[in-house]
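Right, one structure below, let's go through it.
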Amino acid sequence: MSAPRRRGARAGVLRRRLWGAYTTVVFVAMFVPVAYLVLMSFNTSPYGTLPFHPTTAWYARLFHEPGLAAITLHTLAMSGVVALACAALGSMAAMGLARGGLPRPLVALLRGVDLVPVTVPWLVLGVTMLLFLLLIGSGRSVLNLYLGNMVVVLPYVTILVSARLRNERFEQEEAGAQLGGTPLRVFLAITLPKLTPSILAGAIMAFMVSFNNFLIQYYLAPFGTATLPMEIYGLVRAGVRPDINALSTFLVVASILLVLALDRLVGIGASLGAPRER
Amino acid sequence: MSRGHRARRRAAAVLLAPAYGLILALVLVPLASLLAYSLTPARVHGIGSLALAFDRYLRFFRDAPSRIVLVDSLTIPAVATLLCLAIGWPLAYALAKVHRRRGNALLVILMTPFFVSYLLIIYALMGLLQVGGPLQAAAATLGLVGGTQSLLYSRGAVTLALVYEYLPFMVLSIYGSLERIEDSVLEAGRGLGAGAGRLFGEILWPRSVPGVIAGCALVFIPATGSFVEPQILGGTRLSMLGEVINAQINQTFDLPRAATVSLVLTVCAVLGFALLALALDLSRRLARR
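Chains as they are written, first to last, in our numbering: chain V, 27 to 304; chain F, 525 to 813.
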C-alpha cells in the first residue's frame, strides 16, 4: 500500500471518530431532561436538586393520588377511539387519492390540505376551533374534544398510507380485478394486508400525538373534564412536584416501547411523512 | 367519460368525503371565519362599521407592549430554528453518511423524547435550570452565573426548550434529503480533489436545501404558537403571543381580540417562514452556479 493511500485511510478513521464524538455529545444532551426526570423520581429531595438519596416514596404517592388513574384511563380511551377512527378515515382517504382516478391538480390540492393541520400552530388550531364552535352555538364538549383531536392527527395516517401506496407495486390488484373479483374483495384480499403495517403505524402515531396533544385538549375539553396532559400542566404550574417525576418515568418507558413498535412496522424515516424507497 | 371511470370517481368521492369533510369543517372553515370573527365590532361600540372593526388591528399595532411581544414571538422561534439547523444538519449528516449502518437505529432513539409529553420536557428544564438545579449549579461552578442567579425566566430558557422539542423534526427532514445523495457523487468529488468545504458548498448543502426548508416549516411555524414555554420558563419577564391569546380566551374572555391576535400570529409566522425559505432557496441557487 502506498504512503498517501495509508494516510487517507487514517484520515478516514479520524473523520469517523470525530463525527462519532459529535453524535454522542448531541444524543447525551438530548436525553439530559428525560434522564433527570427518571433519576429524580427515585430521589428523596422533593425539589429536584442533588445530592441523591434513593427512595420509592414518590411512586407510592403516585398510586394514592386520587383521580389520576381515572384521568389516565379516560385519556387512553380517548386516544384509542381517535386512533381507530383516524385509521379508518385516513386509509379511506389515501385509497381515494391513489386509486380514485381524480385529476392530478385536485389530488395535489388535497395532499396540500393534509399539511394544514400538521403545520398551523396547534394553539391557533385549538383556539380557532373553539371560536368557530362557539360561533355555531356549540362549544366545549366531549364530542368536540374527540373530533378536534381527530382532525389534527388524521393527516398522519393519510400521509403514511399514501407513502406505502406509492412505493408498492400492485399488479396483483389488477390481476384480481381481471379474474372477476369485485373491488371490495380485491381490496380485502390483496390491498388491505399489504397496507396493514402502515395503517398500524399511522394509528400508533395518531394515538401518541392525541394522547400528548395538550393544546387541543385544553381548548376543547368541557369544563370539569381533565385529560392527563391538562393534569400535568396543572401540576407543573403549581411548582415542582416529585410525583410528576414518577409519572413521567412511566410515560418515558411507554413511549420507548411504542417508538420501537412504530419502527418495527415501518422505517422511522417514513413515519414523519418523509417516505423512503425501501 | 366511460361508465367504469365515473363509478370509480364516485367511489373516490365516498372514500374522501369523511376525512376531508372533517378537515374542511373543523380547520379550513374555522380559519377563514377567524377573519370575520376578528372584524366583529367590539361589545362596547354596539354599531358595527368597517373602520371600527379594523380598529382592533390598528390598536394591536399601535400598542408598544403588543409590538414587543410580537417581536419576541417571532425572534425566539427564529433563533431556536437556526440553532436546530446548526445542531441538526451535522447530526443528520453523521447519521445519513458516516454511521450509515446504525443511522436508522439512532434516529429511532432520537425520536423518543419527541413522544414523551413536551410538558414534561419543560418541567424537567425548570428543575435543571432553577437555583440549585444541576445545570445552574454547573454553570455557577464554572463561574458563568452567580451562585444564586437562576437561569430560568429568560429568553435563553425558552429558546432551549424549543430546541429540545423540535430538534428531532429538523434532523428527520434533513436526514431524508441527505440520504438520497448517492455515495458515488461524493466519492467522485473527493477523487477529483474537492475538500470538505467544496463538497459541502457544491453538493451537500444545495441538495439538502429542500429538507432544510421542510425542517424549518416543521420547527418555526409551530414554535411561534408556543404558550406553555414562555409562561413557565419565561415567567413574567417576557411573553409571546400564544400567552396573550390564551389569556384572552381563559381570563378576559375577549374572543374577537383572541381571533385578531391569532390571525396576526399566523400571518406573521407564515411570512417569516416564507422569508426564511426564500433565503435558503437563494443559497441553493447561488451554490449551483
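Ideal Cβ positions, reconstructed from N, Cα and C, are used throughout, including at glycine.
State the Cα-Cα distance for the pair ASN770/F and PHE751/F, rounded to the nearest angstrom.
Within the second sequence, the letter at position 246 stands for residue 770/F. Within the second sequence, the letter at position 227 stands for residue 751/F. Annotation: ASN770/F to PHE751/F spans about 8 Å, alpha carbon to alpha carbon.
For GLY747/F versus LEU686/F, is the C-beta spacing smaller than 8 Å?
Translated into the one-based positions of the second sequence, residue 747/F becomes position 223. Translated into the one-based positions of the second sequence, residue 686/F becomes position 162. The displayed chain sequence assigns Ala, not Gly, to residue 747/F. For ALA747/F and LEU686/F, yes; Cβs fall inside 8 Å.
Here's a check: name, in chain order, each residue in its chain whose Cβ is nearer than 6 Å to the Cβ of ALA782/F, leaving out the five neighbours to either side.
Locating residue 782/F in the second sequence gives position 258, counting from the first residue. For ALA782/F, where only same-chain residues beyond five positions count, the Cβ hits under 6 Å are ILE769, GLN772, ILE773.
Is the Cβ-Cβ distance between ARG206/V and ILE216/V less than 8 Å?
As a working note, residue 206/V is residue 180 in the first sequence. As a working note, residue 216/V is residue 190 in the first sequence. Position check: residue 206/V holds Gly in this sequence, whereas Arg was assumed. Cβ distance not < 8 Å, so GLY206/V and ILE216/V don't count as in contact.
Report yes or no: is there a C-beta of chain F within less than 8 Å of the C-beta of LEU277/V?
As a position in the first sequence, residue 277/V is number 251, starting the count at 1. Output row for LEU277/V: interface = yes.
For TYR245/V, which of THR49/V, LEU171/V, LEU63/V has the nearest alpha-carbon?
Numbered from its first residue, the first sequence carries residue 245/V at position 219. Ranking THR49/V, LEU171/V, LEU63/V by Cα distance to TYR245/V puts LEU171/V first.
Whole alpha helix (DSSP H) elements within the segment 670–721 of chain F, 4-residue minimum
Whole alpha helix (DSSP H) segments, 4+ residues: 679–703, 707–715.
Kindly indicate the opening and closing residues of the alpha helix (DSSP H) around VAL622/F.
Indexing the second sequence from 1 puts residue 622/F at position 98. First-last for VAL622/F: undefined, no H or E at that position.
Under a three-way DSSP split, which group does PRO80/V fall into?
As a working mapping, residue 80/V is identified with position 54 in the first sequence. Strand, per DSSP.
Counting only Cβ-Cβ distances shorter than 9 Å, please list the residues of the segment 532–558 of chain F near chain V, keeping chain order.
Those would be ARG532, ARG533, ALA535, ALA536, ALA537, VAL538, LEU539, LEU540, ALA541, PRO542, ALA543, TYR544, LEU546, ILE547, LEU548, ALA549, LEU550, VAL551, LEU552, VAL553, PRO554, LEU555, SER557, LEU558, in chain order.
Where does GLY528/F land, buried or exposed, given buried means 16+ other C-beta within 10 angstroms?
Along the second sequence, one-based indexing puts residue 528/F at 4. Per the 10 Å Cβ criterion, exposed.
Whole-angstrom Cβ separation of ALA111/V and MET155/V, contact assumed at under 8 Å?
As a first step, residue 111/V must be located in the first sequence, where it is residue number 85. As a first step, residue 155/V must be located in the first sequence, where it is residue number 129. About 17 Å separates the two Cβ atoms, so there is no contact after all.
How long is the line joining the alpha carbons of ALA47/V and GLY627/F, rounded to whole angstroms?
Start at 1 with the first residue of the first sequence, and residue 47/V comes out as number 21. Start at 1 with the first residue of the second sequence, and residue 627/F comes out as number 103. Those two C-alpha atoms are separated by around 15 Å.
Indicate the three-state DSSP secondary structure (helix, strand or coil) for ASN239/V in the structure shown.
Your numbering for residue 239/V matches position 213 in the first sequence. Coil, per DSSP.
Buried or exposed for PRO80/V, please, with buried defined as at least 16 other CB atoms from any protein chain shown within 10 angstroms of its CB.
As a position in the first sequence, residue 80/V is number 54, starting the count at 1. The residue in question, PRO80/V, is exposed, as its Cβ has fewer than 16 Cβ neighbours within 10 Å.
Distance CB(VAL682/F)-CB(PRO754/F) smaller than 8 Å:
Taking the first residue of the second sequence as position 1, residue 682/F is located at position 158. Taking the first residue of the second sequence as position 1, residue 754/F is located at position 230. Contact flag set, yes.
Quick check on GLU199/V: buried or exposed, where buried means 16 or more other Cβ atoms within 10 Å of its Cβ?
For the purposes of this step, residue 199/V is identified with residue 173 of the first sequence, where counting begins at 1. Label assigned to GLU199/V: buried.
CB contact below 8 Å: ALA119/V versus chain F:
Taking the first sequence and counting its residues from 1, one reaches residue 119/V at position 93. Yes, because at least one Cβ of chain F sits closer than 8 Å to the Cβ of ALA119/V.
With distances taken from CA atoms, which of LEU214/V, PRO255/V, GLY265/V is nearest SER117/V?
Residue 117/V sits at position 91 when you count from the first residue of the first sequence. For SER117/V, the nearest C-alpha among the options comes from LEU214/V.
In or out: ARG586/F buried (at least 16 other Cβ within 10 Å) or exposed?
Mapped onto the second sequence, residue 586/F falls at position 62. So ARG586/F ends up on the exposed side.
Under 7 Å by beta carbon: chain V residues contacting TYR647/F:
The residue given as residue 647/F occupies position 123 in the second sequence. Those are VAL262, ILE270, listed as they occur along chain V.
At a Cβ cut of 8 Å, what residues of the segment 766–797 of chain F count as close to chain V, listed as they run along the chain?
GLY766, ILE769, ASN770, ILE773, LEU779, ALA782, ALA783, SER786, LEU789, THR790, ALA793
Whose Cβ in chain F lies nearer than 9 Å to the Cβ of ARG42/V?
In the first sequence, the residue the question calls residue 42/V occupies position 16. Residues of chain F passing the Cβ test: VAL622, HIS623.
Exposure label - ALA556/F; buried when at least 16 CB within 10 Å
If you number the second sequence from 1, residue 556/F lands on position 32. Per the 10 Å Cβ criterion, exposed.
When the Cβ atoms of the segment 259–278 of chain V are set against those of the segment 88–97 of chain V, are three or more pairs found closer than 8 Å?
yes
Consider the Cβ of ILE225/V: report whether some Cβ of chain F lies at a distance smaller than 8 Å.
What you label residue 225/V is simply residue 199 of the first sequence in a count that begins at 1. No, ILE225/V does not count as interfacial toward chain F.
In chain V, which residues lie with their C-beta within 8 Å of the C-beta of GLY633/F?
Position 109 of the second sequence, counted from the start, is the residue given in the question as residue 633/F. The sequence as given places Ile at residue 633/F; Gly does not occur at that position. Neighbours of ILE633/F on chain V, chain order: PHE53.
So what does DSSP say about ILE571/F, is it helix, strand or coil?
As a first step, residue 571/F must be located in the second sequence, where it is residue number 47. Reliability fails at ILE571/F, whose pLDDT of 48 lies under 50, so the model's placement of it is uncertain and no value is given.
Quick one: give me the first and last residue of the alpha helix (DSSP H) that VAL733/F is part of.
Residue mapping note: residue 733/F aligns to position 209 of the second sequence, counting from 1. Unbroken alpha helix (DSSP H) run through VAL733/F: 729–748.
I think LEU180/V touches ILE547/F, with their Cβ atoms under 8 Å apart; what is that distance to the nearest whole Å?
Residue numbering aside, residue 180/V sits at position 154 when the first sequence is read from its first letter. Residue numbering aside, residue 547/F sits at position 23 when the second sequence is read from its first letter. With 8 Å as the limit, LEU180/V and ILE547/F qualify as a contact, their Cβ atoms being about 7 Å apart.
For LEU123/V, count the other beta carbons within 10 Å of its own beta carbon; 16 or more makes it buried, fewer makes it exposed. Which is it?
Numbered from its first residue, the first sequence carries residue 123/V at position 97. Buried is the call here.
Distance between HIS623/F and ARG583/F (C-alpha atoms, nearest Å)
By one-based count along the second sequence, residue 583/F stands at place 59. By one-based count along the second sequence, residue 623/F stands at place 99. Here the alpha carbons of HIS623/F and ARG583/F stand approximately 54 Å from one another.
Could you tell me the boundaries of the alpha helix (DSSP H) in which ASP140/V lies?
For the purposes of this step, residue 140/V is identified with residue 114 of the first sequence, where counting begins at 1. Note, ASP140/V: alpha helix (DSSP H), 130–145.
Selection from PRO255/V, THR50/V, VAL187/V that minimises the alpha carbon distance to ASP140/V:
For this step, residue 140/V is matched to residue 114 along the first sequence. Ranking the options by Cα distance to ASP140/V, first place goes to VAL187/V.
Cβ of PRO59/V within 8 Å of Cβ of ILE645/F?
Translated into the one-based positions of the first sequence, residue 59/V becomes position 33. Translated into the one-based positions of the second sequence, residue 645/F becomes position 121. Yes.
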